[in-house]
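Position one of the sequence shown corresponds to residue 18 (the numbering used here), numbered consecutively onward.
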Amino acid sequence: MSQKQIEILQRALNREKEARKQAEKILEQKSAELYQVNQKLLKSNQDLETLLTRTDSQLQGVFENIVDAYVIIDLFGNILKMNDAAVSLLGFSDANEYFNLNEMVNPVDKQRVQESFKVLFEKGSLTNFQVNIITRKNESKLVHINSSIIYDQGIPVAAQGIVRDITKEKEAEEQLIESRNRLSTLLLNLDSGVLLEDENRTIVLTNNKFCDLFNISASPDKLIGENYLNSITQSKNLFKNPESFVNQINQIVHNRVAVLGDELKMINGKILERDYIPIFNNDVYKGHLWSYRDVTLKRKYRQGLEAQKQKYSSIIANMNLGLVEVDNDDKILMVNQSFLDMTGYSKEELIGYKGKDILPIQEDKAIVENKSKERKKGKTESYELRIKNKQGEIKHWLVSGAPNYNLNGDITGSIGINFDITEIKNLHIQKELLLKKLEKSNNELQEYAHIVSHDLKSPLRSIYALVSWLKEDNKDKLDQASLKNFNLIETSLERMEQLITDILDYSSAGADVIEKENVDIHQLVHDLKQILFVPENIKIDILNKLPVVLGDKTKLQQLFQNLISNAVKFIDKEEGYINIDVTEQETYYQFSISDNGIGIEKQYHEKIFKIFHALNKSKDSTGIGLSIVKKIVNLHEGEIWLESEPKKGTTFYFTLKK
């Protein structure tokens, strides 16, 4: 090898050694740098590991203390992990209990849950899902779930979800919906017209009554969303002043101040009362509420009450009865002018004082005390009281006292109405004296009537005997004219005796004193049929069982005897009948005696009951019989009348109390 080649190789070797030294130097430098970086990396890893530990601890704390239930499940629904809130919600005893959530699903929701799992796997999340579950404690709950898939390098490995118990919220919501529906129904059928507008005057809510008041044919739901001003403009002519009505509405809305009890008059006579309520939310105007009520009847009733009040106030002030109001302590609260006139005292002398200490005489104060106690028990009574007026005169009062109540029904005192019966009392005393005198006079008159009757009948009988003897002794000497005259004398004497007897009966029938007893009218009439003279051509029938009544037997016998005899006397038919009947009313019996006699013209129906009014003058009629009948019926507090048609017959009706 040549020297030149050796030198070249020597130089190459030196260069290689130099390069190696440089490389080693660089390598040492880089190794030092790498060591420093490695140290920094180790420190960073330590810091990161510490941070991760701290973060994991923090996340675990969040997991454990989250308010809502948090659950992690595998892809088959088995619980992997849950927090304390989930343990409590789902009814577990501890967080490590193994269970598949699908077993908690209510059977009716299983199909919907399976479909929700598909959505969860496809989209990776599921929100606002509600389902009914049955917890481990066998409690039924409605829960709200928000869930998502947990991925590992893009592969689904589990699912996590937050579960909230919304059972009570759902119940509250349903109750709220129910309340809202009830409120809507109530508003729709409310007896007041209701209209709710928003801030733009757009109708939000109205009801049937509003449409009815304003003659709007559309239903309330059709008005929602319309402008109220347009609707009300169409109805303005219903009111007496249409333009003022619209302008007033605009002014009220502009002012945005509540208006209550605003009165509106309609052309059909109705009166509406209107309320306006502005609605604010945080001082921001949100609309207003109108309320309309038909107060026509109320106004008319109030006007009627006011008129009645004025009327009765005037009556009370001017009536001839003393009115006084007292409290529970018997202190006088109010008196009217008549009371002042009756007592002679002024208001100042009576108001605030106890009337029982001022007015009653000493002997009657106990009466006032007792009646006052009775009124405090709620009793209403009338009684007589003697008082002494301011002039010292004794007056007789008729007092009607009644308790006075407040709106709660409590007795607050009493009201007394007082009537001065002093004159009546004096007249009553005079009447009693007169009645006693009259009774004495009647007794004397009765005695006189019997004496006169006896004294008058004796001469008549003597004359009758003398005439009979004269006629008998001279019957062969007297011509027909004389005999006829003697017969007329005898007839006149008989009529005179009958008249005296009837007058005595009439005076006796009017006696006020009657001996009342139970009288069997059926037996009484049956007995009369046996003793009365009734021609063979006349038949007497009792159509119904006659009752027993309370009365004077002798006078009742006289009543039926006179009516039956009267019917017999005036029957002119070949076949006559007399029918006796009775009908029962509530408080009395109505008797009737019918015949088919000559009848009585209507113009004489009242006259025949007056004394000495006989329509057919005969020797058998004195015109007193029906007068006696009327007196007897009146004495038994009854009435008598007749119905008759000439030539067909007559029916007498009369009543007797049960």
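Note that beta-carbon positions come from the ideal geometry of N, C-alpha and C, so glycine has one too. Here the structure is a predicted model, which means the values were calculated and not measured.
Inter-residue Cα distance where the pair is residue i and residue j
| i | j | result |
| --- | --- | --- |
| F671 | I645 | 13 angstroms |
| K590 | K454 | 51 angstroms |
| T152 | S142 | 24 angstroms |
| D91 | L97 | 7 angstroms |
| Q540 | H413 | 52 angstroms |
| T184 | K135 | 25 angstroms |
| F356 | K457 | 41 angstroms |
| K488 | K674 | 53 angstroms |
| T639 | D358 | Summary for T639: the model assigns pLDDT 46, below 50, so the residue's position carries little reliability; its value from the coordinates is reported in the next sentence. Their backbone Cα atoms lie some 59 angstroms apart in a straight line. |
| K390 | D346 | 11 angstroms |
| G286 | V263 | 19 angstroms |
| N123 | D292 | 52 angstroms |
| I249 | R199 | 28 angstroms |
| N491 | P476 | 22 angstroms |
| L106 | V312 | 58 angstroms |
| L222 | V276 | 20 angstroms |
| T508 | K501 | 10 angstroms |
| E449 | I441 | 12 angstroms |
| S363 | S399 | 25 angstroms |
| K187 | E156 | 16 angstroms |
| N423 | K394 | 15 angstroms |
Contact check, residue i vs residue j, beta carbons under 7 angstroms
| i | j | result |
| --- | --- | --- |
| L338 | I269 | no |
| P420 | I411 | no |
| T668 | I617 | no |
| R392 | S431 | yes |
| L159 | N145 | no |
| K533 | L567 | yes |
| I349 | I378 | no |
| I615 | F577 | no |
| N406 | G361 | yes |
| A112 | A102 | no |
| T129 | H161 | Before going further, note that residue 129 is Arg rather than Thr in the sequence given. No, the Cβ-Cβ distance between R129 and H161 is not below 7 angstroms. |
| K625 | I610 | Note on residue identity: the sequence assigns Ile, not Lys, to residue 625. No; because the gap between Cβ atoms is not below 7 angstroms, this pair is not in contact. |
| I288 | R316 | yes |
| Q192 | I89 | no |
| E243 | K303 | no |
| Y594 | N579 | no |
| V565 | D544 | no |
| V599 | I555 | no |
| L314 | M283 | no |
Three-state secondary structure (DSSP) of residue i
| i | result |
| --- | --- |
| R310 | strand |
| N579 | helix |
| T604 | coil |
| D238 | helix |
| I25 | helix |
| A498 | helix |
| S110 | coil |
| H653 | coil |
| F550 | coil |
| T202 | helix |
| R153 | coil |
| Q56 | helix |
| G339 | strand |
| S363 | coil |
| K665 | coil |
| E209 | Reading the sequence as shown, one finds Ser at residue 209 and not Glu. Coil. |
| Y670 | strand |
| D493 | coil |
| V84 | coil |
| P173 | strand |
| L567 | strand |
Where the beta strand (DSSP E) through residue i begins and ends
| i | result |
| --- | --- |
| H161 | 157-169 |
| V221 | 220-223 |
| S399 | 398-405 |
Endpoints, alpha helix (DSSP H) assigned at residue i
| i | result |
| --- | --- |
| A136 | It should be pointed out that residue 136 corresponds to Val in this sequence rather than to Ala. Residues 127-140. |
| D11 | The question about residue 11 has no answer, for the chain in this structure spans 18 to 675. |
| D374 | 372-375 |
| I432 | It is not in any alpha helix (DSSP H) - I432 instead sits in the beta strand (DSSP E) that spans 428-437. |
| F262 | 259-272 |
| I617 | Here I617 belongs to no alpha helix (DSSP H), and DSSP marks it neither H nor E. |
| K390 | 382-393 |
Contact test: residue i Cβ vs the ligand GTP heavy atom, cutoff 6 angstroms
| i | result |
| --- | --- |
| I183 | In the structure on display, the ligand GTP does not appear, and there are no ligands present to speak of. |
- Assess, as a yes-or-no matter, whether the region 255-273 is touched by the region 170-186 under the definition of 3 or more beta carbon pairs within less than 8 angstroms. Touching, no.
- Would you call the region 204-222 and the region 299-307 touching, i.e. three or more CB-CB distances under 8 angstroms? Enough Cβ pairs lie closer than 8 angstroms, so yes.
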